[in-house]
Amino acid sequence: MIRVQHLALVGSAVLAFTAILVAGAPAEASKPGGVLTLTLREDLPQGFAVHETSTISSVWPVMPCLNNLVLFDPLKATESPDTVIGELAEKWSWQDGYRNLVFFLRKDVKWHDGKPFTSKDVKYTFDILREAPDSPVKLRINPRNDWYANVEAVEAADPHTVIFRLKRPQPSLLLMLASGYSPVYAAHVPAANYRTSCIGTGPFKVKEWRKGEFLEYVRNPDYFVKGRPYLDGLKYVVIKEPGTRIAALQTGQVEVSFPNEVSKTNADQLKAAVPKLVITPYSTNVNDNVIMNIKKPPFDNVKVRLAVSHGIDRRALIQAVHQGGAVAGAAMAPKPYGVWGLLEGDLNGQPGYGKAADDKAKARKLLAETGFSPQSPLKVEMVTRNIAIYVTMASFVISELKQIGIEATLKQIETAQWHATATRGDYQIGANLTGIGPDDPDANFYENFICGSPRNYSFYCNEQVVAQIHQQSQELDPKKRLAQVQAIQKKLEEEAARPLLDWRLDYFTVWPHVKNLIPHQSIYNFGRMQEVWLDK
Amino acid sequence: MKTYLLQRIAIALLTLFGMSIVIFGLLRLAPGDIVDILFAAAGYVDVKQKQAILKELGMDRPYWVQYLEWLWQIVTGDLGKSYRYELPAWELIKPLLPVTLELAGLAIVISVLLGVPTGVISAVRQDSGLDYVLRLLSLAGLSMPSFWLAMVIILGCVAWFGWIPPMTYVGPRENLRLHALQFLLPALAVGYRSSALIMRITRSALLEVLREDYIRTAEAKGQTTRVVVWRHALRNAMLPVVTVIGIEFAFMIGGLVVTETVFNLPGVARFLVEAIQWRDYPMVQNLVMFIAIVVILSNLAVDLLYGVLDPRVRYGD
Amino acid sequence: MGTSPVTVAHGEQPVARPAPRWVGGTVWRFARKKPLGAAGALIMGAMVATALLANLFATHDPIATEAARTLARPGADHWLGTDNLGRDIYSRIVHGARVSLIVGVASTLLGSALGGVIGLLSGYAGGKVDLVTQRILDILQGLPLLVLALVMSAALGPSLTNVVIAISVPIIPRAARVIRSSVLAIREMQYVEAARAVGLRHLRIAFRHVLPNTMGPFIVLCTAQLGSAILVEAALSFLGLGVPEPYPSWGRMLSLSAAEYAQKAPHLVLFPGLAISLAVFGSNLLGDALRDTLDPRLRGA
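Protein chains in written order, with our numbering: chain B, 69 to 604; chain C, 121 to 437; chain F, 3 to 303.
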């Protein structure tokens, strides 16, 4: 006989069960096992020494070996202060009005060689990075020194507590620490060793690095996150030839594309050939821009720079160079890909975004005011790096400039000399790509627009803008900060400091059985591979 | 014979010495060095740090000092360390050799199997329709850019079979079928080209020999045409063919850059090109010298083979 | 009694031919006897014409991009389709002929001329000079061809002139070899001895009497090397080290993104490759026919 109490019991059980289902059970049950095959467009430039390089070719294959203090949640596509999760740090807190950042570290972490992880490793790493005067070791190349310019000291209060003391408030520091560019080195391993081997705390251990061919990882059985990683191993295969790489992806020999290497046309082709491929468009945090040497004529004249900016039809460029696989934006990545970018309405007023004919007419007028005309055109030499993506973009820019009366010849510069040429100011105008670690104004502005920064290739130096950059860096109210950052972007475009052409989209392609590999709006931050599993 | 050999070896050593100077100098003519590439990978440049690294690598010493040190290293058998990988050069070169040797070997076999019979047919049936067709086909093979042929093959595989050969080296013991596929396709691409050369040389050499006096003597003796051709003529026609085979093989050791790149084979040429782009001086210098030694040895082998094949050639006194 | 063109090779008896009375007659006889060679000459002629009259033959500006029509299939408005930037492929191939021809011919002539002079002097002088020169040439020839061109190209930087120089360098030893072997035979000829007996200076003998008789092998060498030079230029461009933008280059058309888009637009890969192959094919056909004509070993065959 069914009693009311029985019904109530069953009813509540059903309710509870449904509640659990709705609340958070995973859609599919993750399965352990399997080896994932990925690809690299070139071999690791400096092995596992992420702190000595600044390229995706270094970060992407090395992230599985290391850990950060904090990381952007791999499972959330849009990075923001809310998606920062702990890795080596269990908890953290800002104190003293964003002047001190305290990390409470995990106690159960071991390096791949068995030694325990402590706060000493964190202090060691960040003292090296900020080039502390009492640091025992110096990196022979240190590209992100300026990220830590504001760090006064790093204290290892006890074996599992680290305090970052800052000179002034800087909320962005946490975001920079969450980037793939900020892993922790082992204090007991000479920094130079990371160029040839990797002792990390990460979910995978290096199995074999066959130079020029592939990098193979095997699962770390002592990883501090129980049950992770799901995969038994990873294999990154080096394929330099882009046609061959796409073919390998299409035929399934490679299961994951290399970030920033699948254009829209590639994606269309892949989808047509293999409809079940999972292709996700996302912003790479890499943009095309034009650098102009502000220290030398003719680009010391803001009218000439503006003419260039007006002359390049951004939308046409996006269509021609990227087949639509890019988005318009100013100095910060636009929504929905980034969180700081200018909105559509603001953008439409900027040079290069209006009606093509109008913009070009404006450009010609500006040039005429400075003394150039179709009869006596401005002749310049445009430099660019000697690789396909740069050259294609530069060719289009040249053909645009031709229409407003600027005759540019293209000089292709070999990789070995590109940065030296740009840093020395040995050029007039150049077509450039810039990639930024996290989608954060501090990382972007301090690298590219502060007077005297080595990557400020245009030598742009505006004291007022510098003050604005410092101001937004210390601004604690997110809404106010957003407004300040947008004002800076507008100013930069108005002065044509480094006209931004577009933000590149990539079409991240994985085979459908590869689960939990979600691209973020920066290519540099989602390569840990800890949550990835294979449904095979 | 012995004096001849000694003479050749002496000349070879002299040539190698000269080559070492040329490659050492040429490399340093190219602008930029490893440190510039390292900074390129870091996205910035700092003059002080650059100086420190140059010092660390010993590159701040005068060129003649570095050159002599390199020579000394060769003599003592130490091939130096790669600037990029910081590993002994020999360790990096060793795994490349079997790949390139196998590719070159297979390509030569294919080219001989294709080239010699077609060359013979073409010569014997001179100026016939068959001759023209064969000559045109072989000329087509010589005219196609090797990287284009390689690209077309890969794209064809993708389009028609939805498959491409393995992208990492598969050893013959691991999976013979895959290994065969991995090497046969590029070997066919390279072999087709080489077979064209072999075919032309075979044809012209055979034509020349067929007009020689002793062939007419053999014909007068009454042996059938076929025997005449195959026994006398072919043997003597093989001399220039063997020379070409030697040249081709030597060329393939360092010359299959595009084939290895497009088919993603981890061979010598692909590695060498990357080393040049990285200005990895020790790797480039040692690899080029290695290739040179192979070339010289193969030339020597061809010359010795001449002595075996052609009784009219004698060495020494 | 003028010196008639004497073609010699490898120790055979020289056969002196009477000087042709009508150039046209020679050409006609050549075309009839060697139809393949005539075909080759026709192809080369077409290429030269295309290169010279590129602006006439092209339908569009080869560097003008057209954002709306990227990767278009061959059709009425774009005869061979467009590439990933919307540039007309037919026009780029037409203008590319100019680059390929200029680079091919210039580097071949430069390398062959330099090598020829070296070979002439070395073969004529003989003795120690010859020995040393041969060793130096050995050195140059021992370096892998593409590697040499690569390093030179990197050393000189990407520009049209530098590519020509880079490609001509590997040709020098090969040219020197051929001319030298020809000179070695001619040197023993009676009329050379006669010239010496009369008291003519060596240099004069070398350039006025020996050199003209190496013309035959020289022409054959040039046409043979032309094909090779075009292929090396294509390979260099493919590797990114050839003639820089905006000159359209057949080799570079095959490298920049061609293979990536090949599934959607196979014409990107097909046509530039066909163009290169056709050019080299033509020069090889012509070279073969010339060699058959000028090399007495195969005459009568």
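Glycine residues also receive a C-beta, built at the ideal position from the N, C-alpha and C atoms.
Chain-ordered neighbours of residue i on chain F, where CB pairs are closer than 9 angstroms
i      : result
C:I154 : Near C:I154 there are no residues of chain F at all, since even the closest Cβ is about 13 angstroms away, more than 9 angstroms.
Chain F residues whose Cβ lies nearer than 8 angstroms to that of residue i
i      : result
C:A412 : G144 and L145
C:W398 : Per Cβ cutoff of 8 angstroms: no residues; C:W398 is ~11 angstroms from chain F at best.
B:G311 : A260, A261, E262 and A264
Burial state of residue i, where buried means 16 or more other Cβ atoms lie within 10 Å
i      : result
B:C133 : buried
B:L544 : exposed
B:P94  : With a pLDDT of only 48 at B:P94, under the threshold of 50, the placement of this residue in the model should not be trusted, and no figure is reported.
B:L139 : buried
F:N57  : exposed
F:G42  : buried
F:E68  : buried
F:I169 : buried
B:N416 : exposed
B:E531 : exposed
F:Y263 : buried
F:I232 : buried
Beta carbon proximity, residue i to chain C, threshold 7 angstroms
i      : result
B:A456 : no
B:H119 : no
B:G280 : yes
B:V305 : yes
B:I124 : no
For residue i, the three-state DSSP class (helix, strand or coil)
i      : result
B:N500 : strand
F:S59  : According to the sequence shown, residue 59 of chain F is Phe rather than Ser. In the structure shown, F:F59 sits in a helix (DSSP, three-state: H, G or I).
B:T629 : The structure shown has nothing for residue 629 of chain B, since chain B only spans 69 to 604.
C:L420 : helix
C:V253 : helix
B:Q163 : strand
F:I65  : coil
B:S351 : strand
B:A555 : helix
B:R233 : strand
B:Q480 : strand
B:W571 : strand
Residue-chain proximity (residue i, chain F), Cβ-Cβ < 7 angstroms
i      : result
B:F513 : no
C:L226 : no
B:I314 : yes
B:Q471 : no
B:S325 : no
B:Q337 : yes
C:A357 : no
B:A388 : yes
Residues that residue i contacts on chain C, provided the C-beta gap is smaller than 7 angstroms
i      : result
F:F273 : Within 7 angstroms Cβ-Cβ: nothing; F:F273 doesn't reach chain C, min ~11 angstroms.
B:I487 : Reading off the sequence, residue 487 of chain B comes out as His, not Ile. Per Cβ cutoff of 7 angstroms: F159, A160, G163, Y164 and V165.
CB contact check: residue i to chain B, cutoff 7 angstroms
i      : result
C:W268 : no
F:A66  : yes
Partner residues on chain B for residue i, Cβ-Cβ distance less than 7 angstroms
i      : result
C:Y289 : E281
Within chain B, partners of residue i - CB distance below 8 angstroms
i      : result
C:Y205 : G115, T264 and K279
F:L156 : The question names Leu, but residue 156 of chain F in the sequence shown is Ala. Ordered by position in chain B, the residues that pass the 8 angstroms Cβ test against F:A156 are E482.
Within chain C, partners of residue i - CB distance below 9 angstroms
i      : result
B:K308 : T381, N384, R390 and E394
Within chain C, the residues that residue i reaches when beta carbons sit closer than 8 angstroms
i      : result
B:R109 : Here the premise fails: no neighbours, minimum Cβ distance about 12 angstroms.
B:T193 : By Cβ distance, chain C contributes nothing, its closest Cβ being about 17 angstroms from B:T193, past 8 angstroms.
Interface residues of chain F facing residue i [CB-CB closer than 7 angstroms]
i      : result
B:N334 : E262
Amino acids of chain B, ordered along the chain, whose beta-carbon sits closer than 9 angstroms to that of residue i
i      : result
F:G253 : Within 9 angstroms Cβ-Cβ: nothing; F:G253 doesn't reach chain B, min ~13 angstroms.
Would you call the segment 354-374 of chain C and the segment 271-286 of chain C touching, i.e. three or more CB-CB distances under 8 angstroms? no
Looking at C-beta atoms only, is the number of pairs between the segment 271-283 of chain B and the segment 136-147 of chain B that lie closer than 8 angstroms three or more? no
So, do the segment 210-217 of chain B and the segment 513-521 of chain B have three or more beta carbon pairs nearer to each other than 8 angstroms? yes
Below 8 angstroms, how does it come out for the segment 111-123 of chain F and the segment 175-188 of chain F: are there three or more Cβ pairs, yes or no? yes
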